[in-house]
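Below is one structure, written out as structure tokens; the observations come after it.
Protein chains: 6
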Amino acid sequence: MATLGLVEYADAPPEVRAVYDDIMATRKTDWINNFWKALAHDPATLRRTWESIKQIMAPGALDPLTKEMIYLAVSATNQCGYCIASHTAAARKAGMSDAMFAELMAVVGMANETNRLVSGYQVEIDERFRV
Amino acid sequence: MATLGLVEYADAPPEVRAVYDDIMATRKTDWINNFWKALAHDPATLRRTWESIKQIMAPGALDPLTKEMIYLAVSATNQCGYCIASHTAAARKAGMSDAMFAELMAVVGMANETNRLVSGYQVEIDERFRV
Amino acid sequence: MATLGLVEYADAPPEVRAVYDDIMATRKTDWINNFWKALAHDPATLRRTWESIKQIMAPGALDPLTKEMIYLAVSATNQCGYCIASHTAAARKAGMSDAMFAELMAVVGMANETNRLVSGYQVEIDERFRV
Amino acid sequence: MATLGLVEYADAPPEVRAVYDDIMATRKTDWINNFWKALAHDPATLRRTWESIKQIMAPGALDPLTKEMIYLAVSATNQCGYCIASHTAAARKAGMSDAMFAELMAVVGMANETNRLVSGYQVEIDERFRV
Amino acid sequence: MATLGLVEYADAPPEVRAVYDDIMATRKTDWINNFWKALAHDPATLRRTWESIKQIMAPGALDPLTKEMIYLAVSATNQCGYCIASHTAAARKAGMSDAMFAELMAVVGMANETNRLVSGYQVEIDERFRV
Amino acid sequence: MATLGLVEYADAPPEVRAVYDDIMATRKTDWINNFWKALAHDPATLRRTWESIKQIMAPGALDPLTKEMIYLAVSATNQCGYCIASHTAAARKAGMSDAMFAELMAVVGMANETNRLVSGYQVEIDERFRV
Chain A
39 MATLGLVEYA DAPPEVRAVY DDIMATRKTD WINNFWKALA HDPATLRRTW ESIKQIMAPG
99 ALDPLTKEMI YLAVSATNQC GYCIASHTAA ARKAGMSDAM FAELMAVVGM ANETNRLVSG
159 YQVEIDERFR V
Chain B
39 MATLGLVEYA DAPPEVRAVY DDIMATRKTD WINNFWKALA HDPATLRRTW ESIKQIMAPG
99 ALDPLTKEMI YLAVSATNQC GYCIASHTAA ARKAGMSDAM FAELMAVVGM ANETNRLVSG
159 YQVEIDERFR V
Chain C
39 MATLGLVEYA DAPPEVRAVY DDIMATRKTD WINNFWKALA HDPATLRRTW ESIKQIMAPG
99 ALDPLTKEMI YLAVSATNQC GYCIASHTAA ARKAGMSDAM FAELMAVVGM ANETNRLVSG
159 YQVEIDERFR V
Chain D
39 MATLGLVEYA DAPPEVRAVY DDIMATRKTD WINNFWKALA HDPATLRRTW ESIKQIMAPG
99 ALDPLTKEMI YLAVSATNQC GYCIASHTAA ARKAGMSDAM FAELMAVVGM ANETNRLVSG
159 YQVEIDERFR V
Chain E
39 MATLGLVEYA DAPPEVRAVY DDIMATRKTD WINNFWKALA HDPATLRRTW ESIKQIMAPG
99 ALDPLTKEMI YLAVSATNQC GYCIASHTAA ARKAGMSDAM FAELMAVVGM ANETNRLVSG
159 YQVEIDERFR V
Chain F
39 MATLGLVEYA DAPPEVRAVY DDIMATRKTD WINNFWKALA HDPATLRRTW ESIKQIMAPG
99 ALDPLTKEMI YLAVSATNQC GYCIASHTAA ARKAGMSDAM FAELMAVVGM ANETNRLVSG
159 YQVEIDERFR V
């Protein structure tokens, strides 16, 4: 259960607790999921990863639901079981309905198909698409 | 330039022209990009792929811009040069601004990073995430 | 043009020439493609890789054409441009027709699509499929 | 057990039952595997995916066994556990022996190795391989 | 539990036992892990794979610990659960500390992130980097 | 040449110049490569990515050369042309010899092969490897 084990709040050093507290406050929850407890063995990576995610997933030009669905699309493409489970939960919390999930997966499947058709057929980039 | 070459409209058999015509009408353009011209050597795959994309990318629970950005997120994850170029163009046409592109890429990059941290640390799925 | 450059026959040391000679004799050709010329900077890897491929691609329970098409299917899935180009040529030489290529790509595309649908929907293995 | 759960035949709406019936008739079996039961929450994707697979996997320029082995080769490359299990079963049903499976895996392994050697050494495509 | 089952030492034919014996002698252990027991159904692949690994992982210009960490970096990138577990064990045995593991994973995560940023932004190779 | 173009130093706003200056000072060079010039359209991502890389690639439990080789191993596995070119240059600058490069690639190739053999054969994790 995680290479280095999981660091529970009660056993965490102050710099880890500070990140845990910020995760719970930002997400308005009283719970820390295993990913952070596994990373906590490396407090520098824990902090850097959390600060990056907090910055990236905040509302901006894209809304949080769209961002969570993009995160899920990447995780499904990479077939990361944990990531699919956790980001499906996060996307639902942000408002993803069953119908939206189904359409998201249809796009992900199709993109993975045509990505390989393009490569297999050795299709060259059209002049109009060149930047 | 494409394994089997590109089928231009002038040289295309009727069943291929019918698909080309539908692509141009649906996309409100007078132009066919290389992907379809390469697939046209296999009219059954050309028709099936176009009908699938037409169905999947139509407005539904998700709007066309969100779908194009998801397509682009998958293509960037798979590092498919042609697909990134063509779907960046399609997403821009659907309304993606430079700021939206930049946030999309930030999410794609982060998801690809944490997908591997999760795997490398062998993180087990939390009970709360199990379906 | 290759990280360490290409080793031409005329400049190759005896242990590299011996591999080149065996490649040309086995493939009944008078030509060495760039992959081997790039690997030749590491004669141990050159020999090991060639001996492995020679053993694996020889006729056995599967015929050479089927093996070349499987090689191409993997290369298209991985989107390796060089490998797609070289194994398309090899598969054609072994008898792959345009129609066979088109069906091969259709299967590769579909498999890449359903692989992600399975992951995204978190489908559990059926009891009947368990080994 | 699947993000949206599994739709059993007894609980399925008519358009889903129609697809299930066609799957069982086409495959000459009285059983539906979990993949279809998971997709059934999205009847449009269920139908499209089944119709595509039915068309693609039918005998053509390639026989069904070769197609199943290509499907398995892609699934092993993508490391999709469910897909490997289900397509190993399908390939066996279509006639794949233990010896054929072993040779298939040897080719898949080797292709994945050389795909990366090619990229890592930055090998340029030979003029003779250019289309 | 492995497609073709696991071949235990007691049931193994002489050519398989010879490889098992060499694995145990080389690794100074009295134990064979499941990977080899699964491959043993194909003695030619078992021998070839073992001989290749033995040659590649031996001390050379790179020390065995560095090689094991590279193996682990690839396995984490590919998200191969078995490979991550077995090569984490091997790297630890070769001297990888918890701190080294954490830094290794940080690099793996970052590389996976920037690989996609590069592709998504369609960054062209700098003249100075061209070989 | 990069989706949003490249931001040259002369045209860069102060917050971008500050990052460019730090990159050049840290790397003891007077040159900025295209990756950073492309990211510069999104100063927040530019800064975050640079700060992360600077922290991760600094000497720690692993030396800089080992870290660059791990970065290159991941990039070769993902087949990212730009990343392979730039990190081969960085690894050489950090001391990677031709022999080290060749051994690195041999390990990368082998790991990519066995990762798929493990998946294809559906090998279960040994009890001894479970954490």
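Chains as they are written, first to last, in my numbering: chain A, 39 to 169; chain B, 39 to 169; chain C, 39 to 169; chain D, 39 to 169; chain E, 39 to 169; chain F, 39 to 169.
Cβ atoms here follow ideal geometry from the backbone N, Cα and C, with glycine treated the same way.
Taking residue i as the reference, which of the options has the closest Cα?
i      : options                        : result
A/I94  : A/K75, A/K105, A/A76           : A/K105
E/Y120 : F/T64, F/A56, F/V54, F/A149    : F/A149
C/V45  : C/P52, C/H79, C/L100, C/R130   : C/H79
A/T41  : E/A129, E/T64, E/R86           : E/A129
A/L103 : A/S90, A/T152, A/S135, A/A76   : A/S135
E/D68  : E/G98, E/P97, E/Y58            : E/Y58
B/R166 : A/N116, A/C118, A/V169, A/K131 : A/K131
B/I91  : A/E151, A/A63, A/P51, A/P97    : A/E151
C/V169 : E/R65, E/T64, E/K66, E/A76     : E/A76
With a CB to CB cut of under 7 Å and the five nearest residues on each side skipped, what residues in its chain are close to residue i?
i      : result
D/I61  : I70, W74, W88
A/E141 : none
C/A50  : Y58, A78
F/C118 : none
D/I163 : none
A/G98  : none
Give me, in chain order, the residues of the same chain whose beta-carbon lies closer than 8 Å to that of residue i; leave out the 5 immediate sequence neighbours on both sides.
i     : result
E/R55 : Y47
E/A96 : P102
F/K66 : none
For my contact list, residue i and residue j are in at a C-beta cut-off of 8 Å; report their separation, rounded to the angstrom.
i      : j      : result
A/M138 : B/L100 : 6 Å
F/V161 : E/N72  : 5 Å
B/N116 : A/T115 : 7 Å
Using a Cβ-Cβ cut-off of 6 Å (strictly less than) and excluding sequence neighbours within five positions of residue i, which residues of its own chain qualify?
i      : result
F/P81  : E53, V54
B/G133 : L103
B/G16  : No answer is possible for residue 16 of chain B: the residues shown for chain B start at 39 and end at 169.
Counting only beta-carbon separations shorter than 7 Å, does residue i have a partner in chain H?
i     : result
C/V54 : Here the protein chains are A, B, C, D, E and F, and chain H is not one of them.
- Can we say the region 98-114 of chain C touches the region 141-149 of chain D, given the rule of at least three CB pairs closer than 8 Å? With the cut-off at 8 Å, the region 98-114 of chain C and the region 141-149 of chain D touch.
- Item | Stretch-stretch touch, CB-based, cutoff 8 Å, three pairs: the region 120-129 of chain A with the region 151-158 of chain A | Result no; under three Cβ-Cβ pairs closer than 8 Å.
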